[in-house]
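K.L.:
Here you go, one structure.
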Amino acid sequence: MMIRVLSTLFALLGAIPSFAQNGPLRIEITEGVIEPLPFAVPDLMAETSEGFKIGQDLARVIAADLTGTGLFRELPSSAFISQVSNFDAPIQYADWKAINAQALVTGAVSVQGSKLILKFRLYDVFSGAELGDGLQIVGSTDGWRRIAHKVSDAVYSRITGESAYFDSRVVYVSETGPKSERRKRLAIMDYDGANVKYLTGSEAIVLAPRLDSNGERVLYTSYESGFPSIYLLDVESVERRSLESQKGSMSFAPRFAPDGQTVVYSLSQGGNTDIYSMNIASGQAKRLTSAPSIETAPSYSPNGNQIVFESDRSGSQQLYVMSAGGGEARRISFGDGRYGTPVWSPRGDLIAFTKQSKGRFHIGVMRNDGSEERLLTASFLDEGPTWSPNGRVIMFARETQGASGRTSLYSVDITGRNLRPVRTPEGGSDPSWGPLQQ
Amino acid sequence: MHLKISFLMVCAVISLTACTSSNRFDGSSTNQAAENFIPGSASDPESVPYFQQKVGDRVLFEVNQSTLTPEGRIILDGQAIWLMTNTDYTVIIEGHADEQGTREYNLALGARRADEARSYLVSRGVSAGRMQVLSYGKERPIEVCSEESCYARNRRSVTVITSGLTG
Chain A
1 MMIRVLSTLF ALLGAIPSFA QNGPLRIEIT EGVIEPLPFA VPDLMAETSE GFKIGQDLAR
61 VIAADLTGTG LFRELPSSAF ISQVSNFDAP IQYADWKAIN AQALVTGAVS VQGSKLILKF
121 RLYDVFSGAE LGDGLQIVGS TDGWRRIAHK VSDAVYSRIT GESAYFDSRV VYVSETGPKS
181 ERRKRLAIMD YDGANVKYLT GSEAIVLAPR LDSNGERVLY TSYESGFPSI YLLDVESVER
241 RSLESQKGSM SFAPRFAPDG QTVVYSLSQG GNTDIYSMNI ASGQAKRLTS APSIETAPSY
301 SPNGNQIVFE SDRSGSQQLY VMSAGGGEAR RISFGDGRYG TPVWSPRGDL IAFTKQSKGR
361 FHIGVMRNDG SEERLLTASF LDEGPTWSPN GRVIMFARET QGASGRTSLY SVDITGRNLR
421 PVRTPEGGSD PSWGPLQQ
Chain B
1001 MHLKISFLMV CAVISLTACT SSNRFDGSST NQAAENFIPG SASDPESVPY FQQKVGDRVL
1061 FEVNQSTLTP EGRIILDGQA IWLMTNTDYT VIIEGHADEQ GTREYNLALG ARRADEARSY
1121 LVSRGVSAGR MQVLSYGKER PIEVCSEESC YARNRRSVTV ITSGLTG
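Protein chains in written order, with the numbering used here: chain A, 1 to 438; chain B, 1001 to 1167.
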């Protein structure tokens, strides 16, 4: 059912221009937005009686998506002067200007059986014009939140000129139980924490799931056999298979290459941990590092040519870049403290990492040559960054201190602003943010 | 902490002498041992509880280190003697780290620690084929406070007996 929705959505949204068409209503994200842009989203008009409640719910999700970026500020409906009662009626711009709504999103929704049809328009109030064309999105009522995210994606893209990230999913580790006996299972959710679905049980410890670039398969580490080793799981069917099970070795920290055909991971043998790559179909593995030090947490550049990883070959954990085929590595981190869990941004320009310094943990970013390091967060324990599909937001896990310490997910803008918790039903760690869905 | 290590060291030395003396079960052993002997309990030198409690099943490591401390070597000396006396047992050596590190690094660090203990036991004569190593990284702390007193006990390798006497 979802597949049908996806293709329908794709066909309709394929027409969306990726850049805003005209000047005035525009947020330049790179300049850093101090003052969020005020917008209004009246409840979507119901064109069938079943559309009434869902029209309200859709408007709430769209508003939450936009305000959640920190780039937009919603004006409450109590401030509205004019009501929008007909999707095709002219907009009373003066009424929206008067309350300083710079952007206005209007929509109408009809429900026909299990089918949901949404139409929306985006207005640049101060220019007195529509921004981009009106769009219609058809999906299933079950997938109504995705339809709202599609609207938000279009609004965000038109105003910022950037691709968006609302209709995306995140795989993570859901955690319960005390620190000494934590129970962990894989879960997948919408980017905003809704629609959680569990992918494994919690009989065995599972760690660090990573989505592929289609959001269809997950690599992760499991103790299912008694020893940590890497597995491949299909999100839809939840079928899984072991990828590496050499006796006397442990494998972990797997991640897909951009082509989806290769996995890069760490293998521990005789106490030494090195990085390997493996062709998923053939199982053929290739050793990429051979040093007596710890080499782990590999992540490909988006073009697949390079791998960033962590190593303690210098005596402490630092970040290095090498060719995807292995060979000599170049150290890129030189600040105080220890650096781990590097992840290349989808844009290719930045590397996010975890840094430990003076007893604190940070999530930070640096350029892929190691320059311009910036720390975005600080706490007792922040760890494991993952990039939003547009490379603007980083999600990570934060653990609180002490015996009752609990792990939960957070997101932060790469400017370091807009730190927000991502609500999950249980504790959460090791997020991996998937692609924008089609 | 230090007190506990000293205690375990003494136990290891005692077990060494106990194991090398002959005829432990012929009735000629000391009265005290005879009175307290319960098969399978920590008073039974061939039992797993004895290994865990009297020999000492774990060694501790310094921050980010996998080098054995002198105290750690003494514990492992005791383990080696016990394992060579009780040859039907196999073991898994678990490596652990404290919570002050990233997940992947701690898995690799735990593997180093477990292997360090394994290599030492091999050097003391325990057959490599009887031992497997396993790292839990920071996934299974035994102490849950976020202070050095807990971290010190979590940075450990634990020798877990995995199969009993097969006859």
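Think of the CB as a built atom: it goes at the ideal place given N, C-alpha and C, for glycine as much as any other residue.
Which residue or residues does DSSP assign as beta-bridge partners of A:A148?
P.N.:
Taking the first sequence and counting its residues from 1, the one referred to as residue 148 of chain A is at position 148. DSSP output for A:A148 lists no bridge partner at all.
K.L.:
What's the gap between the Cα of A:Y410 and the Cα of A:A187?
P.N.:
Start at 1 with the first residue of the first sequence, and residue 410 of chain A comes out as number 410. Start at 1 with the first residue of the first sequence, and residue 187 of chain A comes out as number 187. Near 16 Å, if we compare the C-alpha coordinates of A:A187 and A:Y410.
K.L.:
Any Cβ of chain A within less than 8 Å of the Cβ of B:Y1120?
P.N.:
As a position in the second sequence, residue 1120 of chain B is number 120, starting the count at 1. By this cut-off, B:Y1120 is not an interface position.
K.L.:
In angstroms, rounded to a whole number, what distance separates the CA positions of B:S1123 and B:P1070?
P.N.:
By 1-based counting over the second sequence, the position of residue 1123 of chain B is 123. By 1-based counting over the second sequence, the position of residue 1070 of chain B is 70. Cα to Cα, the separation comes out at about 15 Å.
K.L.:
Go ahead and label A:F227 buried or exposed: buried means 16 or more other beta carbons lie within 10 angstroms of its beta carbon, across all protein chains shown.
P.N.:
Residue numbering aside, residue 227 of chain A sits at position 227 when the first sequence is read from its first letter. It is buried - the Cβ of A:F227 has at least 16 other Cβ atoms within 10 Å.
K.L.:
To be precise: take each residue of the segment 374 to 396 of chain A, compare its Cβ to all Cβ atoms of chain B, and keep it if any distance is under 9 Å. Which residues remain?
P.N.:
Of all residues in the segment 374 to 396 of chain A, F380, L381, E383 and G384 have a Cβ within less than 9 Å of some Cβ in chain B.
K.L.:
Could I get the ranges of all uninterrupted beta strand (DSSP E) runs contained in the segment 239 to 287 of chain A, with 3 residues as the minimum, in chain order?
P.N.:
Entirely contained in the segment 239 to 287 of chain A, the beta strand (DSSP E) runs reaching 3 residues are, in chain order, 240 to 242, 249 to 256, 262 to 269, 272 to 279 and 285 to 287.
K.L.:
List the DSSP bridge partners of A:W387.
P.N.:
As a first step, residue 387 of chain A must be located in the first sequence, where it is residue number 387. Looking at the DSSP assignment, A:W387 forms a beta bridge with A:I394.
K.L.:
Would you mind sorting A:Q246 into buried or exposed? The rule is 16 or more other CB atoms within 10 Å of its CB.
P.N.:
For the purposes of this step, residue 246 of chain A is taken as residue 246 along the first sequence, with counting starting at 1. Classification for A:Q246: exposed.
K.L.:
Compare the C-alpha of A:Y220 against each of A:V365, A:R241, A:L375 and A:S85 and name the closest.
P.N.:
The residue given as residue 220 of chain A occupies position 220 in the first sequence. If we check each option's Cα against that of A:Y220, A:R241 comes out closest.
K.L.:
At a CB-CB cut-off below 7 Å, which residues of chain A make contact with B:Y1105?
P.N.:
Here residue 1105 of chain B corresponds to residue number 105 of the second sequence, with the count starting at 1. Simply I294, T296, E310, Q317 and G340.
K.L.:
Let me confirm a value: B:F1061 is counted as buried when at least 16 other C-beta atoms fall within 10 Å, else exposed. Which label applies?
P.N.:
Counting from one through the second sequence, the residue named residue 1061 of chain B turns up at place 61. With 16 or more other Cβ atoms within 10 Å, it is buried.
K.L.:
In chain A, which residues lie less than 8 Å from B:S1135 when you measure between Cβ atoms?
P.N.:
Translated into the one-based positions of the second sequence, residue 1135 of chain B becomes position 135. Here the neighbours are P228, M250 and S268.
K.L.:
Give me the DSSP bridge partner(s) of A:M45.
P.N.:
What you label residue 45 of chain A is simply residue 45 of the first sequence in a count that begins at 1. Its beta-bridge partners are A:A108.
K.L.:
Within 10 angstroms of its Cβ, does A:S78 collect 16 or more other Cβ (buried), or is it exposed?
P.N.:
Taking the first residue of the first sequence as 1, we reach residue 78 of chain A at position 78. Classification for A:S78: exposed.
K.L.:
Excluding the 5 residues preceding and the 5 following A:V171 in the sequence, name in chain order all residues of the same chain whose CB lies nearer than 6 Å to its CB.
P.N.:
Locating residue 171 of chain A in the first sequence gives position 171, where the first residue counts as 1. Taken in chain order, the residues that qualify are I188, P209, L211, V218 and S432.
K.L.:
Considering only residues of the same chain and omitting the five flanking positions on each side of A:D349, which have a CB-CB separation below 7 Å?
P.N.:
Counting from 1 along the first sequence, the entry for residue 349 of chain A is found at position 349. So the qualifying residues of the chain are R367 and N368.
K.L.:
Are the C-beta atoms of A:K358 and some chain B residue less than 8 Å apart?
P.N.:
Here residue 358 of chain A refers to the residue found at position 358 of the first sequence. No, because no Cβ of chain B sits closer than 8 Å to the Cβ of A:K358.
K.L.:
Figure out for me which residue from A:Q317, A:L436 and A:G428 has the closest Cα to the Cα of A:Y198.
P.N.:
Within the first sequence, the letter at position 198 stands for residue 198 of chain A. Answer by Cα proximity: A:G428.
K.L.:
Could you check what DSSP says for A:P178 in three-state terms: helix, strand or coil?
P.N.:
As a working mapping, residue 178 of chain A is identified with position 178 in the first sequence. Three-state DSSP puts A:P178 in coil, outside helix and strand.
K.L.:
According to DSSP, is A:V336 part of a helix, a strand, or is it coil?
P.N.:
As a first step, residue 336 of chain A must be located in the first sequence, where it is residue number 336. As written in the sequence, residue 336 of chain A is Asp, which differs from the Val given in the question. A:D336: coil per DSSP, three-state reduction.
K.L.:
Are there 16 or more other CB atoms within 10 angstroms of the CB of B:N1154, so buried, or fewer, so exposed?
P.N.:
Taking the second sequence and counting its residues from 1, one reaches residue 1154 of chain B at position 154. By the 10 Å Cβ count, B:N1154 comes out buried.
K.L.:
Using three-state DSSP, classify A:A187 as helix, strand or coil.
P.N.:
Here residue 187 of chain A corresponds to residue number 187 of the first sequence, with the count starting at 1. In this structure, A:A187 counts as strand in the three-state DSSP scheme.
K.L.:
Just how far apart, CA to CA, sit A:G337 and A:L376?
P.N.:
The sequence position of residue 337 of chain A within the first sequence is 337, counting from 1. The sequence position of residue 376 of chain A within the first sequence is 376, counting from 1. For A:G337 and A:L376, the distance between alpha carbons rounds to 15 Å.
K.L.:
Compile a chain-ordered list of the residues in the segment 104 to 134 of chain A whose CB is closer than 7 Å to at least one CB of chain B.
P.N.:
Taking 7 Å as the Cβ-Cβ cut-off against chain B, none of the residues of the segment 104 to 134 of chain A qualify.
K.L.:
Can you find the residues in the same chain that come closer than 7 Å, C-beta to C-beta, to A:N195, ignoring five residues on each side of it along the sequence?
P.N.:
Residue 195 of chain A sits at position 195 when you count from the first residue of the first sequence. Within the same chain, A:N195 has close Cβ partners R145 and M189.
K.L.:
As a quick exercise: from B:S1146, B:T1162 and B:S1163, pick the residue whose alpha carbon is nearest that of A:S404.
P.N.:
Mapped onto the first sequence, residue 404 of chain A falls at position 404. Ranking the options by Cα distance to A:S404, first place goes to B:S1146.
K.L.:
Look at the alpha carbon of A:M1 and the alpha carbon of A:E216, and state the distance between them as a whole number of angstroms.
P.N.:
Position 1 of the first sequence, counting from 1, holds the residue named residue 1 of chain A. Position 216 of the first sequence, counting from 1, holds the residue named residue 216 of chain A. Residue confidence for A:M1 is low, a pLDDT of 31 falling below 50, so the modelled location carries little weight; the figure read from the coordinates is stated next. Rounded to the nearest angstrom, the two C-alpha atoms are 15 Å apart.
K.L.:
Does the beta-carbon distance from A:G370 to A:I332 come in below 8 Å?
P.N.:
What you label residue 370 of chain A is simply residue 370 of the first sequence in a count that begins at 1. What you label residue 332 of chain A is simply residue 332 of the first sequence in a count that begins at 1. Yes, they are a contact pair.
K.L.:
For A:G260, is the classification buried or exposed, using 16 other Cβ atoms within 10 angstroms of its Cβ as the cut-off for buried?
P.N.:
Indexing the first sequence from 1 puts residue 260 of chain A at position 260. It is exposed - the Cβ of A:G260 has fewer than 16 other Cβ atoms within 10 Å.
K.L.:
Distance check for A:V422 and A:G384, CA to CA, integer angstroms please.
P.N.:
Locating residue 384 of chain A in the first sequence gives position 384, where the first residue counts as 1. Locating residue 422 of chain A in the first sequence gives position 422, where the first residue counts as 1. Between A:G384 and A:V422, the C-alpha separation is close to 15 Å.
K.L.:
Counting contacts by CB-CB distance shorter than 8 Å, is B:Q1052 in contact with chain A?
P.N.:
The residue you call residue 1052 of chain B lines up with position 52 of the second sequence. It does not; no Cβ of chain A falls within 8 Å.
K.L.:
Count the other C-beta atoms from every protein chain shown that fall within 10 angstroms of the C-beta of A:F439, then say buried if there are 16 or more, exposed otherwise.
P.N.:
In the structure as shown, chain A begins at 1 and stops at 438. Residue 439 of chain A is therefore absent and cannot be evaluated.
K.L.:
Could you give the DSSP three-state label for A:D124: helix, strand or coil?
P.N.:
Taking the first sequence and counting its residues from 1, one reaches residue 124 of chain A at position 124. The answer is strand: DSSP assigns A:D124 an E or B state.
K.L.:
Taking A:T289 as part of the alpha helix (DSSP H), name the residues at either end of that continuous run.
P.N.:
In the first sequence, the residue the question calls residue 289 of chain A occupies position 289. That residue, A:T289, is in no alpha helix (DSSP H); it is neither H nor E in DSSP.
K.L.:
For B:N1023, count neighbouring Cβ atoms within 10 angstroms of its own Cβ and tell me buried if that reaches 16, exposed if not.
P.N.:
What you label residue 1023 of chain B is simply residue 23 of the second sequence in a count that begins at 1. With a pLDDT of 38 at B:N1023, under the threshold of 50, the modelled position of this residue cannot be trusted; read the value that follows with caution. It is exposed - the Cβ of B:N1023 has fewer than 16 other Cβ atoms within 10 Å.
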